[in-house]
Amino acid sequence: MKYIDTLVIGAGPGGYVAAIRATQKGQNVTIVEREYLGGVCSNVGCIPSKVLISVGHRFEQAKHSGDMGVVAEEVKLNWAKVQEFKSGVVSKLVGGVKGLLKGNKIDIVNGEAYFVNANTVRVIDGGSEQTYTFKNAIIATGSRPVEIPTFKFTKRVINSTDALTLPEVPEKLVVIGGGYIGTELGSAYANLGSQVTIIEGGKDILAGFEKQMTQVVKKGLKKKGVEVVVGASAKGVEENENGVVVTYEADGEEKTVEANYVLVTVGRRPNTDQLGLEAAGIEFAERGLLKVDKQCRTSVPNIYAIGDIVSGLQLAHKASYEGKVAAEAIAGENSIVDYLAIPAVCFTDPELATVGFNEEQAKAEDIEVKTAKFPFAANGRALALNATEGFVKLVARKEDNLLIGAQIVGTGASDMIAEMAVAIEAGMTAEDIALTIHAHPTLGEITMEAAEVIIGRPIHIV
Ligand code: FAD
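Residues in the sequence shown are numbered from 1 upward in steps of one, following full-length UniProt numbering.
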């Protein structure tokens, strides 16, 4: 039997990154994967959804750039080609993950892992079964879409995975759940030409982002003809040959909406229920998540858990970050997780991005803050791009201008947030940002200008 220092279960952005870091630390590593290298993120999550989002954006821009003098007579979408392009991007990334694992001499085992005890797993691949014994394990089995009893998944009642491979762009699409996955996909299909209705149970879509930010996204959705119904409860669906009729309750009234498909995005459930975790003695936290400490160690000291199966944001970069911490902890290092500077991005149109504290969260922690906003509309590059909706908002500690948070809504927010994450991680103040020379004309100047507002010396705003 082969001796394994560290066995990793799941080759998503958590697992494969943990495996590579563990080999960098001198460990002998085996990774077990039942479906696809790269996990949900590369195959049916972040990457394919971003392909549809960018294709939708280009399509929409090609059709609607008349005010910039671009007159496109007939802009067409070749859906088969879009799907082919998407699959090409996915294969390149999955191939890259395989190459990295092999290059790092990590053994890849295909199959589904189940714990036999705290040092042994059984891996089942089709008809064959193999047992592996390890010193340490990292569980990175990710999550899957939640299915609700009144909306069982079918050909027309679909989840986010199905939404990435529809046979055509639907004429009408209903999205249940206005979280980031539903709003991103709803926005992408609206750009691709669908008439979209988003039904959200809460007071607003994109819970967790500040209202002043989501207002900008809602304005963008409205411009695309997306109907957003909030405070609504989805009751049921009737399916026919060509589509669905969805019933929901809003403002005390029962209403219906017809569509070709209904996309249900009401959350993701951790893959912790079919792993035999009880046999290893691992304790659960709430909602199927696993209990871990700051080094991602479960209640069983030689077994770690990372990514979507532990609490916090269900995001790829969080899974990778935890993967590195867990691998370093196994190697005896003092690495611990610190989520203050972890960014969260929503790839709507325009994009939303946040890092650190927002104003409300800072107040809840009794931190006295100064905030400043600078609009995209006052930036030369944003004007040249014809992308003037949005703002950068900075949150700094009042006593010393230490930057503790940033929120950005607007074109390019997903890239701009990185500078703010670095600033928070490095303990920079608003002066540091204001004194850093930013190239002109760039969207990056907006953050510099917001920092100048914080320190009371703005140039381009009165
Ligand atoms: P996963 O990526 O889910 O990987 C887990 C792997 O474990 C899978 O490959 C699975 O097959 C394998 N596995 C499970 N059980 C077993 C077993 N018993 N034995 C062997 N293998 C097993 N996040 C972002 O940061 N940015 C985005 O833009 C973004 N967009 C998204 C869009 C969509 C449509 C979706 C669905 C998700 C998106 N996410 C995004 C979330 C992101 O995909 C997840 O947070 C991330 O993939 C979690 O990584 P993970 O390693 O924990 O798990």
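Glycine included, C-beta positions come from ideal geometry on N, C-alpha and C.
Note that this is a predicted model, so its numbers are computed, not measured.
Mind checking which residues open and close the alpha helix (DSSP H) that includes residue i?
i      : result
Arg58  : Cys46 to Lys63
Arg21  : Gly15 to Gln24
Gly95  : Trp79 to Gly103
Leu7   : From DSSP, Leu7 is part of no alpha helix (DSSP H) but of the beta strand (DSSP E) over Ile4 to Ile9.
Leu298 : In the sequence as presented, Leu is not what sits at residue 298; that position holds Thr. Careful: Thr298 lies outside any alpha helix (DSSP H) and carries neither H nor E.
Glu449 : Gly444 to Ile454
Thr214 : Lys211 to Lys223
Ala72  : First-last for Ala72: undefined, no H or E at that position.
Glu278 : Leu277 to Ala280
Residue i: buried (16+ other C-beta within 10 angstroms of its C-beta) or exposed?
i           : result
Leu383      : exposed
Arg287      : exposed
Pro149      : exposed
Gln215      : exposed
Ile433      : buried
residue 472 : The structure shown does not extend to residue 472, since the chain is modelled only from 1 through 462, so no value can be given for it.
Thr265      : buried
Lys102      : exposed
Gly39       : buried
Gln314      : buried
Ile336      : exposed
Ile424      : buried
Val228      : buried
Gln136      : Note on residue identity: the sequence assigns Asn, not Gln, to residue 136. Asn136 comes out buried.
Asp349      : buried
Ile53       : buried
Val369      : buried
Lys398      : exposed
Asn358      : buried
Lys219      : exposed
Glu184      : buried
Glu147      : exposed
Lys155      : exposed
Asn271      : buried
Thr165      : exposed
Lys224      : buried
Pro301      : exposed
Thr6        : buried
Thr131      : exposed
Lys393      : buried
Lys81       : exposed
Ile459      : exposed
At which residues does the beta strand (DSSP E) containing residue i begin and terminate?
i      : result
Leu263 : Tyr261 to Val264
Gln195 : Gln195 to Ile199
Lys235 : Ser233 to Glu239
Glu33  : Val29 to Glu33
Ile303 : Ile303 to Ala305
Glu227 : Glu227 to Val229
Val245 : Val244 to Ala250
Pro270 : Arg268 to Pro270
Taking residue i and residue j to be in contact with their CB atoms under 8 Å, please state how far apart those CB atoms are, rounded to whole angstroms.
i           : j      : result
Thr447      : Met416 : 6 Å
Pro145      : Arg297 : Not a contact, Cβ separation roughly 28 Å.
Ile309      : Leu289 : 6 Å
Glu33       : Asn110 : 6 Å
Gly362      : Ile408 : Reading the sequence as shown, one finds Ala at residue 362 and not Gly. No, Ala362 and Ile408 are not in contact; Cβ-Cβ is about 17 Å, not under 8 Å.
Gly307      : Ala140 : 5 Å
Gly323      : Ala341 : That pair is no contact at about 17 Å.
Thr247      : Glu254 : 6 Å
Ala11       : Leu37  : 5 Å
residue 474 : Ala353 : Within the shown structure, residues of the chain are numbered from 1 to 462, placing residue 474 beyond reach of any answer.
Ala372      : Asn401 : Not a contact, Cβ separation roughly 10 Å.
Gly410      : Ala387 : 7 Å
Should residue i be counted as a contact of ligand 2 given a C-beta to heavy atom distance under 7 Å?
i     : result
Ser49 : Here the bound small molecules are ligand 1; ligand 2 is not part of this structure.
Under 8 Å between C-beta atoms, does residue i make it to chain B?
i      : result
Lys203 : As a matter of chain content, chain B is missing from the structure shown, which is built from one protein chain.
Unbroken stretches of the beta strand (DSSP E), 3 residues or longer, contained in the stretch 324-358: Runs found: 344-346 and 351-356.
Contained beta strand (DSSP E) runs [length at least 3] in the stretch 353-439, N- to C-terminal order: Counting only runs of 3+ residues, the beta strand (DSSP E) found wholly inside the stretch 353-439 occupies 369-375, 391-397 and 403-410, in chain order.
The stretch 194-208 in contact with the stretch 172-184 per 3-pair CB rule at 8 Å: Between the stretch 194-208 and the stretch 172-184, the count of C-beta pairs closer than 8 Å reaches three or more; the two stretches touch.
Runs of alpha helix (DSSP H) wholly within the stretch 105-193 (minimum 4 residues, chain order): Entirely contained in the stretch 105-193, the alpha helix (DSSP H) runs reaching 4 residues are, in chain order, 160-163 and 180-192.
contact_flag[the stretch 226-242, the stretch 189-207] where n(CB pairs < 8 Å) is 3 or more: Taking 8 Å as the limit for Cβ pairs, the verdict is that the stretch 189-207 does touch the stretch 226-242.
Contact between the stretch 118-126 and the stretch 54-70 (3+ Cβ pairs under 8 Å): A contact between stretches requires three or more CB pairs, one per stretch, nearer than 8 Å, and the stretch 118-126 fails this requirement with the stretch 54-70.
Three or more C-beta pairs below 8 Å linking the stretch 93-110 and the stretch 33-46: Segment contact: the stretch 93-110 against the stretch 33-46, three or more CB-CB distances shorter than 8 Å; contact assigned.
Touch test, the stretch 17-26 against the stretch 54-62, Cβ-Cβ under 8 Å, three pairs minimum: Taking 8 Å as the limit for Cβ pairs, the verdict is that the stretch 54-62 does not touch the stretch 17-26.
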